[in-house]
Structure formats: structure tokens, C-alpha cells
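Undergrad: Listed in order, the protein sequences are those of chains A and B.
Take the first sequence: its letters are residues -1 to 253, numbered as in the working numbering.
Take the second sequence: its letters are residues 11 to 169, numbered as in the working numbering.
All C-beta atoms in this analysis are idealised placements derived from N, C-alpha and C, irrespective of residue type, glycine included.
If you're wondering where the values come from, they're calculated on a predicted model, not measured in any experiment.
Below are the C-alpha cells for one structure; questions will follow.
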Amino acid sequence: MEIMDISPYGLLGILGFISGFIYLFFVCKNREFQDLIYVYTWAGIGAMLGAKVLYVIVDYKRINYFLISEGVSFENIISILNGGFVFYGGLAGALIATIFSCQYLQLNINKVVALITPAMPLAHTFGRIGCAIVGCCYGIETETYGVIYENSPYAPLHTKLFPVQLIEALGNFVIFLILIILVSKKKYRNKVLITYLYMYSIFRFFLEFLRGDIDRGFLWILSTSQWISIIIFVIITLHIIFSKNNSKNGDELNG
Amino acid sequence: MARYCNNCGGKMDEDVAFCPECGQKVINDEQYNTSIQSINDDGQGMQQVTNFNTGHYDLTTNNNSNSNDISQPGKGFAIASLVLGIVSLLFIIFFPLVGLVVSIVGVVCATKAKSSGYNGGMQTAGFVCSLIGLIFNGLYFVACVACVGMFGAAGTLAH
């Protein structure tokens, strides 16, 4: 393996992970930071695993076909593991890992989740820039504004494609900035995760219509990510309605 | 040199008698070692409250806390995480997949050392080494996306 084999996608993914550390360094007190780097590392590992698991689930037909036609060997399994990541799986994995590591290290889950959540859209921003550079997750064909890939293993070449990855990166960065404002005000700390999920699920739902890549797992006319967006949206709406009825209890619980 | 509280891990000055963060009585190293010898039983699920003046131990069961020991049980894990972290750094050159697994085990050990209450340079060094190993091994691992090319033409990444 040569140094040239490092893809810009992996590099930007790692940069996103490291930028989360930098964010935590600036937002936390020294002692909090010492605890949070452990939780954050576990959240990162959980995100990788979750994203991979959901990718295998979404794409199982093609993986199955590939394994039958090419034979089940160690190299083939490795190349599948190198395959792709599905964001919502990563989100779920990161949340589960955060909750478990908080319990293990005996930290205040609500506070940790509030502090760590903004790192998610920040890392995602970098990941999407990586997508844009490599040419995966490309957009639909357009005639006005678009990018043309001349040398990409994933995107259709020599056609104008809507730069949906860059739009998503930008949107994620805006979400990150909004979340930072929320984190800096103690009053809103309990709302950080909910705000993030709300904003991102709506954003992703509409953005998915602009995506042109084929292998995203479709049920009816909506993609897997759109179904998950709808589910998250409904759950959070119900949560908001429910918690308004007994808002006093909710505030004390999270104190 | 700053000291850290054995109970809550808070930073405190050398000469204070009680931790400013949690109020735990500060014990010096000699008392510390005798307390480890006396409390040889596994402290899982037990919170040990020690009275050093009278020299007897009052054990109260507390299911929520299993790691705020006053002993130093995580040291073995700290050493393990440091060794694994360094090994995982070496694996970056040879075989990143093994290195990835080794570095994750290193992070596990560092986390275990931390939750056991061990708070020292070795555990931090182990954690940082494992983390760097994780990042660089993972870099190769994720990086292979573009160079595999088996799903390539159809589009491998499904975000």
C-alpha cells in the first residue's frame, strides 16, 4: 500500500473526526475534556460500526449477489467492509456508544450528549466535502449549475451534476453553528440533540430528492434515508407535544 | 505539582486536607498503600468509605457506583493500553486491519483503566497512542474505498 492510495474521502473523514476533538477542546473545561475524549472516541467507533451495519442492511442484495458470484473469501469480505457508510446508521451507533460509555464512566448523560452533539454535523461536513471530491453521493443531472466529473470511479463522467454534496456540507455547517449557540446557553442545553435531529431530518428529506445515485435502497418512491427522516421527525414531534404537557418534570429531570 | 482527588478526580493543591470538589478526605501515599492491602476484596458494586483515624472500614453497598475506589486497580489496564497503542502504531505500516483491532482494544483498556479510577500519565499516553493508531489505521481502512474498484463502477458508497 502506497501513500498515494489514501483517498481524499478517508482523509476528510479523519479530518472530520479530528475537528470534533478540536471543537470539544474549545467548548469544554479541562476536566470535562479529559472525560469527553473517551466518550467521543467511542462515539466515533460506534458511528463507524453503525454506518457499516446499516450499509450492509440497505445493500444486502448486491452484497449477496457479489459474494455468490465472486465466492466468499477473506479479500472479498474486506472489500465489502471497505464499501460504504450510511449516515443514519452512524448517528444511531454514535448515540448508543455515547449512552453506554457515559454509563460506564458514570457521567451525566444529558450534559455529555449536549456537548458532543455539535461534533456530529461538524464531522459530517468534512465527510460530505470528501464525497464531493471523490464524486460519490452525487446529485441529479442539471442544465444550469452543476459540477462535471472527469475522473471519478463513482459519478457519471462528463455530465453536469447538481452539487448536492456541497449543499449538504454547507447545511451541516450551518446546523453546527446553530448548535454551538444552543450549547453556549445553558437554558437550551437539553434541546441540542432534538434540535439537531429535527433540522437534519427535514434537511435530508428534501435533499434526498436532488440525489442522483442509484444504490440507496428504495421502498416505494422514498429512499431508506427519507423513511428514517420521516420516522425521526414523527418521533420528535410526538416527544415535543408530550413534553409540553409536563414540561416542568422534563426540566428537572435534565438538571 | 498538582494532585488529583482519589474520589472524584478533581484537581487540587498539594497541601489541602479535603478535596475542594467533592469534600473527600485527602490521603497521602502511605495510607493509600495500606488501604489497598487492607481492601483486597473485589470492590465491584461496593463503595468503600475509609476511616483512617480509627483504622476500620465501613463498607456500604451502592449499586450505582462500582468504580470510585480509593485503590489503584486500573494500572494494569493502563499499561496494557500503552503497549497496545504502540503496537497498533507499528501495524500501520504492515497490516492496518490488525492495527485497527489492536488500537480499539487499546482504547478499551484505557477506558477500563479510567473507569477503574486510575488517573495517571500512563493511561493518558496509552489512550493517545491507541487513538493515533485508530486514526491512522482507520485512514487506511476507509481509504481503500477508492482503490478497491470492485463495486466501483456501480458506485460503492451509499450514504
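Under the rule that 16 or more other beta-carbon atoms within 10 Å means buried, what is A:H156, buried or exposed?
TA: Position 158 of the first sequence, counting from 1, holds the residue named residue 156 of chain A. A:H156 comes out exposed.
Undergrad: Does the segment 110 to 129 of chain B come close enough to the segment 27 to 42 of chain A to have 3 or more Cβ pairs within less than 8 Å?
TA: Yes, the segment 110 to 129 of chain B is in contact with the segment 27 to 42 of chain A.
Undergrad: Using a Cβ-Cβ cut-off of 7 Å (strictly less than) and excluding sequence neighbours within five positions of A:T115, which residues of its own chain qualify?
TA: The residue you call residue 115 of chain A lines up with position 117 of the first sequence. Hits under 7 Å: L177, V190, L191, Y194.
Undergrad: To the nearest angstrom, how far is the alpha carbon of B:L149 from that of A:G8?
TA: As a working note, residue 149 of chain B is residue 139 in the second sequence. As a working note, residue 8 of chain A is residue 10 in the first sequence. In a straight line, the C-alpha of B:L149 is about 6 Å away from that of A:G8.
Undergrad: With 7 Å as the threshold, decide whether the Cβ of B:V117 is near any Cβ in chain A.
TA: The residue labelled residue 117 of chain B in the question sits at position 107 within the second sequence. With 7 Å as the cut-off, B:V117 counts as an interface residue toward chain A.
Undergrad: Using only CA atoms, which one of B:I96, B:Y128, B:N17, B:G130 lies nearest to B:I114?
TA: Position 104 of the second sequence, counted from the first residue, corresponds to residue 114 of chain B. The shortest C-alpha separation from B:I114 is found at B:I96.
Undergrad: Tell me, please, whether the CB atom of B:I145 is closer than 7 Å to any CB atom in chain A?
TA: Position 135 of the second sequence, counted from the start, is the residue given in the question as residue 145 of chain B. Yes, contact with chain A.
Undergrad: So, at 7 Å on beta carbons, what are the nonlocal neighbours of B:D52 in its own chain, with the 5 sequence-adjacent residues on each side left out?
TA: To locate residue 52 of chain B, count along the second sequence from 1; it is residue 42. With a pLDDT of only 45 at B:D52, under 50, the local geometry of the prediction cannot be trusted, and no value is derived from it.
Undergrad: Which of helix, strand or coil does DSSP assign to A:Y143?
TA: Sequence index remark: in the first sequence, residue 143 of chain A carries index 145 (1-based). The answer is coil: DSSP assigns A:Y143 none of H, G, I, E or B.
Undergrad: Verify the CB distance criterion: does B:S125 have a CB-CB separation below 7 Å to chain A?
TA: Locating residue 125 of chain B in the second sequence gives position 115, counting from the first residue. True, the Cβ-Cβ gap to chain A drops below 7 Å.
Undergrad: So, does the CB of B:L149 fall closer than 7 Å to a CB anywhere in chain A?
TA: Counted from its first residue, the second sequence places residue 149 of chain B at position 139. Answer yes: the Cβ-Cβ gap between B:L149 and chain A drops below 7 Å somewhere.
Undergrad: B:I114 versus chain A: which residues are under 7 Å apart at the beta carbon?
TA: Taking the first residue of the second sequence as position 1, residue 114 of chain B is located at position 104. Result: I43.
Undergrad: Going straight from the alpha carbon of A:R60 to that of A:L52, what length do you get?
TA: Locating residue 60 of chain A in the first sequence gives position 62, counting from the first residue. Locating residue 52 of chain A in the first sequence gives position 54, counting from the first residue. Looking at the two C-alpha atoms, the distance is approximately 14 Å.
Undergrad: Can A:I35 be considered in contact with the ligand ADP, in the sense that its beta carbon sits closer than 6 Å to one or more heavy atoms?
TA: As far as ligands go, the structure on display features none, and thus does not contain the ligand ADP.
Undergrad: With a threshold of 16 other CB atoms inside 10 Å of the CB of B:Q47, please say whether the residue is buried or exposed.
TA: Mapped onto the second sequence, residue 47 of chain B falls at position 37. With a pLDDT of only 44 at B:Q47, under the threshold of 50, the placement of this residue in the model should not be trusted; the figure read from the coordinates follows. With fewer than 16 other Cβ atoms within 10 Å, it is exposed.
Undergrad: Within the same chain, show all residues whose beta-carbon is closer than 7 Å to that of B:E40, passing over the 5 residues directly before and after it, in chain order.
TA: Locating residue 40 of chain B in the second sequence gives position 30, counting from the first residue. With a pLDDT of 49 at B:E40, under the threshold of 50, the predicted position of this residue should be treated as unreliable, and no value is reported.
Undergrad: Within the same chain, show all residues whose beta-carbon is closer than 7 Å to that of A:K158, passing over the 5 residues directly before and after it, in chain order.
TA: Here the question's residue 158 of chain A lines up with position 160 in the first sequence. Only E139, T140, E141, G144, I146 meet the Cβ criterion.
Undergrad: Using a Cβ cut-off of 7 Å (strictly closer), state whether A:T39 contacts chain B.
TA: For the purposes of this step, residue 39 of chain A is taken as residue 41 along the first sequence, with counting starting at 1. Output row for A:T39: interface = yes.
Undergrad: Do the segment 170 to 189 of chain A and the segment 130 to 138 of chain A touch if we need at least three Cβ pairs shorter than 8 Å?
TA: Flag = no, the segment 170 to 189 of chain A and the segment 130 to 138 of chain A do not touch.
Undergrad: If you count every other CB in all the chains shown that lies within 10 Å of the CB of B:T64, and 16 or more means buried, which is it?
TA: For the purposes of this step, residue 64 of chain B is taken as the residue at position 54 of the second sequence. The pLDDT assigned to B:T64 is 41, lower than 50, so where the model puts this residue is not dependable; a value taken from the coordinates is nonetheless given after this. With fewer than 16 Cβ atoms within 10 Å of its Cβ, B:T64 is classed as exposed.
Undergrad: By Cβ distance below 6 Å, which residues in the same chain neighbour A:A117 in space, the five residues on each side in sequence not counted?
TA: Taking the first residue of the first sequence as position 1, residue 117 of chain A is located at position 119. Cβ neighbours of A:A117 beyond the five flanking positions: G18, Y21.
Undergrad: Sort out for me which residues DSSP pairs B:M22 with in a bridge.
TA: For this step, residue 22 of chain B is matched to residue 12 along the second sequence. Paired residue(s): B:R13.
Undergrad: With 16 other CB atoms within 10 Å as the buried threshold, where does B:A27 fall?
TA: As a first step, residue 27 of chain B must be located in the second sequence, where it is residue number 17. Flag for B:A27 reads exposed.
Undergrad: Among the candidates A:G210, A:I226, A:E166, whose CA atom is the shortest distance from the CA of A:F124?
TA: Taking the first sequence and counting its residues from 1, the one referred to as residue 124 of chain A is at position 126. Looking at the Cα atoms, A:E166 is the closest of the given residues.
Undergrad: Residues of chain A with CB closer than 9 Å to the CB of B:G20, please, in chain order.
TA: Within the second sequence, the letter at position 10 stands for residue 20 of chain B. Near B:G20 (Cβ distances below 9 Å), the residues of chain A are R29.
Undergrad: Please give the ranges of any alpha helix (DSSP H) in the segment 158 to 225 of chain A, keeping only runs that are unbroken, at least 4 residues long and fully inside the region.
TA: Complete alpha helix (DSSP H) runs here, min 4: 162 to 182, 190 to 205.
Undergrad: So what does A:G137 bridge to, in DSSP terms?
TA: Residue 137 of chain A sits at position 139 when you count from the first residue of the first sequence. DSSP, once it has assigned bridges, lists A:R209 as partnering A:G137.
Undergrad: Specify the secondary structure class of B:F28 as computed by DSSP and reduced to three states.
TA: In the second sequence, counting from the first residue as 1, residue 28 of chain B sits at position 18. If DSSP states are grouped into helix, strand and coil, B:F28 belongs with the strands.
Undergrad: Would a C-beta distance cut-off of 7 Å place B:V118 and B:S98 closer than the cut-off?
TA: Position 108 of the second sequence, counted from the start, is the residue given in the question as residue 118 of chain B. Position 88 of the second sequence, counted from the start, is the residue given in the question as residue 98 of chain B. Their beta carbons are not under 7 Å apart, which means B:V118 does not touch B:S98 by this criterion.
Undergrad: Strictly under 7 Å for the Cβ-Cβ distance: is A:L22 near chain B by that measure?
TA: One-based indexing of the first sequence puts residue 22 of chain A at position 24. No, its Cβ sits nowhere closer than 7 Å to a Cβ of chain B.
Undergrad: May I ask which residues mark the beginning and end of the alpha helix (DSSP H) holding A:H122?
TA: The residue you call residue 122 of chain A lines up with position 124 of the first sequence. 117 to 132 is the extent of the alpha helix (DSSP H) around A:H122.
Undergrad: Determine, using beta carbons only, whether A:L103 comes closer than 7 Å to chain E.
TA: As a matter of chain content, chain E is missing from the structure shown, whose protein chains are A and B.
Undergrad: Closest to A:K185 by C-alpha separation, out of A:I12, A:A112, A:L236, would be which residue?
TA: Indexing the first sequence from 1 puts residue 185 of chain A at position 187. Nearest option by C-alpha distance: A:A112.
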